[in-house]
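Single-structure report; data block below.
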Amino acid sequence: MANTSGFPPLIAQLLYNRGLTEPSQLESFITADKCLSGNPLLLLDMHRAVARIYQALLSGENIAIYGDFDVDGITGTALLVQGLSSLGAKAIPYIPHRLTEGYGLKITALEKLHQQGISLVITVDCGITALPEVKKAQRMGLDIVITDHHTPLAIIPPAIAVVNPKLPNSNYPFPELAGVGVAFKLLQALFQGIGKEKQLDELIDLVAMGTIADMMPLLGENRYLVKQGLKLINATPRLGVREVITRAGLNIGSLDTKSISWGIAPRLNTAGRLEHAMTSYKLLMTNSPQEARELSIWLEQKNAERQRITTKVLTKAREQILAEGISPLLITGDEDYPAGIVGLAASKLSEEFYRPAIVIKTGKQVSSGSCRSIPEFNIIHALKQCSSLFSYFGGHAQAAGFSLPTKNLARLKQTLLQLASTELAGVDLRPHLDIDAEITLPDLAGDTFQSIQQLAPFGRSNPVPTFLSRGVEVIDCQTMGSSSEHLRLKLKQGGTVWNGVAFRLGNYLTEVSSPLDIVYNLEVDRWGGEERLRLSILDFAPAISNLATS
Numbered sequence: 115m116a117n118t119s120g121f122p123p124l125i126a127q128l129l130y131n132r133g134l135t136e137p138s139q140l141e142s143f144i145t146a147d148k149c150l151s152g153n154p155l156l157l158l159d160m161h162r163a164v165a166r167i168y169q170a171l172l173s174g175e176n177i178a179i180y181g182d183f184d185v186d187g188i189t190g191t192a193l194l195v196q197g198l199s200s201l202g203a204k205a206i207p208y209i210p211h212r213l214t215e216g217y218g219l220k221i222t223a224l225e226k227l228h229q230q231g232i233s234l235v236i237t238v239d240c241g242i243t244a245l246p247e248v249k250k251a252q253r254m255g256l257d258i259v260i261t262d263h264h265t266p267l268a269i270i271p272p273a274i275a276v277v278n279p280k281l282p283n284s285n286y287p288f289p290e291l292a293g294v295g296v297a298f299k300l301l302q303a304l305f306q307g308i309g310k311e312k313q314l315d316e317l318i319d320l321v322a323m324g325t326i327a328d329m330m331p332l333l334g335e336n337r338y339l340v341k342q343g344l345k346l347i348n349a350t351p352r353l354g355v356r357e358v359i360t361r362a363g364l365n366i367g368s369l370d371t372k373s374i375s376w377g378i379a380p381r382l383n384t385a386g387r388l389e390h391a392m393t394s395y396k397l398l399m400t401n402s403p404q405e406a407r408e409l410s411i412w413l414e415q416k417n418a419e420r421q422r423i424t425t426k427v428l429t430k431a432r433e434q435i436l437a438e439g440i441s442p443l444l445i446t447g448d449e450d451y452p453a454g455i456v457g458l459a460a461s462k463l464s465e466e467f468y469r470p471a472i473v474i475k476t477g478k479q480v481s482s483g484s485c486r487s488i489p490e491f492n493i494i495h496a497l498k499q500c501s502s503l504f505s506y507f508g509g510h511a512q513a514a515g516f517s518l519p520t521k522n523l524a525r526l527k528q529t530l531l532q533l534a535s536t537e538l539a540g541v542d543l544r545p546h547l548d549i550d551a552e553i554t555l556p557d558l559a560g561d562t563f564q565s566i567q568q569l570a571p572f573g574r575s576n577p578v579p580t581f582l583s584r585g586v587e588v589i590d591c592q593t594m595g596s597s598s599e600h601l602r603l604k605l606k607q608g609g610t611v612w613n614g615v616a617f618r619l620g621n622y623l624t625e626v627s628s629p630l631d632i633v634y635n636l637e638v639d640r641w642g643g644e645e646r647l648r649l650s651i652l653d654f655a656p657a658i659s660n661l662a663t664s
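Sequential numbering of the sequence shown, starting at 115, is according to my numbering.
Below, the structure is given as structure tokens:
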């Protein structure tokens, strides 16, 4: 850790844990400025995409922005419609209905757009696997420009241009952009060409929301995009976003990645999960205070409904999994699972059991599933080995989706279980916490929290630092919450006293003894309009020294 010697020991440890040891790495990571932004023209096919869009602008063609129905796709659609419209383009949004159309480019949708006079379709967060759909569009005389960030298959669709940092032979320095990030690079190339790149600053809030919501690694270029986007959201949020912030109980000026991922993103996602994602698109684009208020109220109500449905699905899924026995890969299916909830359920099951999890909405003829995985098991690679079973599949190493004839489900389950059993043999599949450092509570005094914030924004690949403190005295412990589901603690060590909260650990009240070994994050509590630091306790156990003498 010699090259981190300019930092306090704890911060040096955190940087080292994240693989940051060289001075050049440290500087770019901490500053997270525009030097992290890659040249958009390094993306394969970018020149062709820009040329085709310029042609459409000059000839007054009608353009459709075809986005996915999650937050990444919704924000990317809003980004391109707003950005292209500012250049005088005739651009309209098209986001498919999750329940009636499904994911990705659909021939019926393309035919509909063609009939409406659209001559150019630009995709956002989808299209990289749409080989037959793009071929059909060609025959119709409809040009397609694909912008996507999902893993390509062996054959790339024959679009006018395919812009994806994960393409084979790509020279782009940062392949982990979100779908909205790829769309932003397209706009960046367009705006640079006419000397208007500065205008993109007002759109970077959309990039931040989509990147955070899609759980992309907050390293490299994503750090710059998210950092700048959060600044904009905290300074001048869009009307609709401002309303969502208020209803989520958040505070403008102190929004961070957690505020987006736990507060704003679920509400924006809920429209596409239960009904139509265009509602969230309209909320992002509206200039009407009344419409912003009405849409945010609707989203708040739907989000509460989504939470209730998710709880029911998880209860049924757990029962099914436990009845069949916990295997290295979890697969649960039911005809009553809502298509918009299976991804959430898979994510929660994978986190709870620390295994790849697949949740499937089964149908009489066709079934669709959502997959979430752990770092030790590449789920998209596994799906590729079953490709003949699917009507469609796509995604990333740790998140994917598919649809297939229901008659193929048994073979799919058998094949995936065999793959997982082989690849995960010898892997410890117990849920675990990665601890950054063992410290004492007095180590948190002074400007420690402010120093830690130099590593923000936090998220995937740069998690909020997690600490272990041993032998902490428990002064007080009580349950809190409407169902006593949480714990509130007062803790003491070395003459310092800290307040702590243990969310969803209320059932373990009887296991609280003194002293404790605790694992926690350091966070700001803003309850009641005041700001104070507290410990967010993730796990605890009787102190080892206490066990040894008992």
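The beta-carbon is built from N, C-alpha and C at its ideal position, and this holds for glycine as well. Since the model is a prediction, treat every value here as computed from it, not as a measurement.
- No residue range can be given for F183, since it is assigned to no alpha helix (DSSP H) and is classified by DSSP as neither H nor E.
- Within the segment 584 to 638, the runs of beta strand (DSSP E) that reach at least 3 residues and sit entirely inside it are, in chain order, 600 to 607 and 610 to 616.
- Taking a contact as a CB-CB distance under 8 Å, the pair C240 and G202 does not count as one, their CB atoms being some 26 Å apart.
- Sequence-distant partners of E599 (beyond 5 residues in either direction) whose C-beta falls short of 7 Å from its own C-beta, in its chain, are R618 and G620.
- Along the segment 236 to 299, the beta strand (DSSP E) occurs as fully enclosed runs of 3 or more residues at 257 to 261 and 275 to 277, listed in sequence order.
- By the criterion of at least three beta-carbon pairs nearer than 8 Å, the segment 310 to 324 is in contact with the segment 335 to 348.
- Per the DSSP secondary-structure output, P656 pairs in a beta bridge with L630.
- Annotation for S441: L531 place their beta carbon closer than 7 Å to its own, counting only its chain and skipping 5 residues before and after.
- Within the DSSP bridge table, the entry for D448 names K475 as partners.
- Put simply, of A431, C500, S484 and I474 the residue whose alpha carbon is nearest the alpha carbon of F467 is A431.
- If you draw a straight line from the Cα of L443 to the Cα of A460, it is about 11 Å long.
- Distance between P577 and P489, taken at the CA atoms: about 15 Å.
- Note that the C-beta distance between L413 and T400 is not below 8 Å.
- DSSP, read as helix, strand or coil, puts S373 in helix.
- Rounded to whole angstroms, the Cβ separation of V480 and Y451 is 14 Å, and the two are not in contact under 8 Å.
- Minimum Cα-Cα distance from C500 among the listed residues F183, L267 and S142 corresponds to L267.
- Your pair G307 and V473 does not check out as a contact, with CB atoms roughly 44 Å apart and the cut at 8 Å.
- The residue from Y208, K606 and Y395 with its alpha-carbon nearest to that of L630 is K606.
- Within the same chain, Cβ atoms closer than 7 Å to the Cβ of R469 are found at P442, L443, L444, I488 and L543, the five residues on either side in sequence being excluded.
- Under DSSP, K416 shares a beta bridge with no residue.
- Taking all protein chains in view, the Cβ of G386 is crowded by 16 or more other Cβ atoms within 10 Å, so the residue is classified as buried.
- Taking a contact to require three or more Cβ pairs closer than 8 Å, the segment 255 to 269 and the segment 117 to 133 do not qualify as touching.
- If you look at P470, you'll find it isn't in any alpha helix (DSSP H); DSSP assigns it neither H nor E.
- Note on the segment 479 to 555: whole beta strand (DSSP E) runs with a minimum of 3 residues are 480 to 486, 506 to 509 and 513 to 519, in chain order.
- Around S583, the same chain offers E552, I553, T554, L555, Q607, D631, I632 and Y634 as residues with beta carbons nearer than 8 Å, after the five sequence neighbours per side are excluded.
- In the three-state reduction of the DSSP assignment, Y217 falls in the coil class.
- Around the C-beta of N383, 16 or more other C-beta atoms lie within 10 Å, and the residue is accordingly described as buried.
- In this chain, the beta strand (DSSP E) harbouring P207 covers K204 to Y208.
- In the structure shown, S441 falls within a coil segment according to DSSP collapsed to helix, strand and coil.
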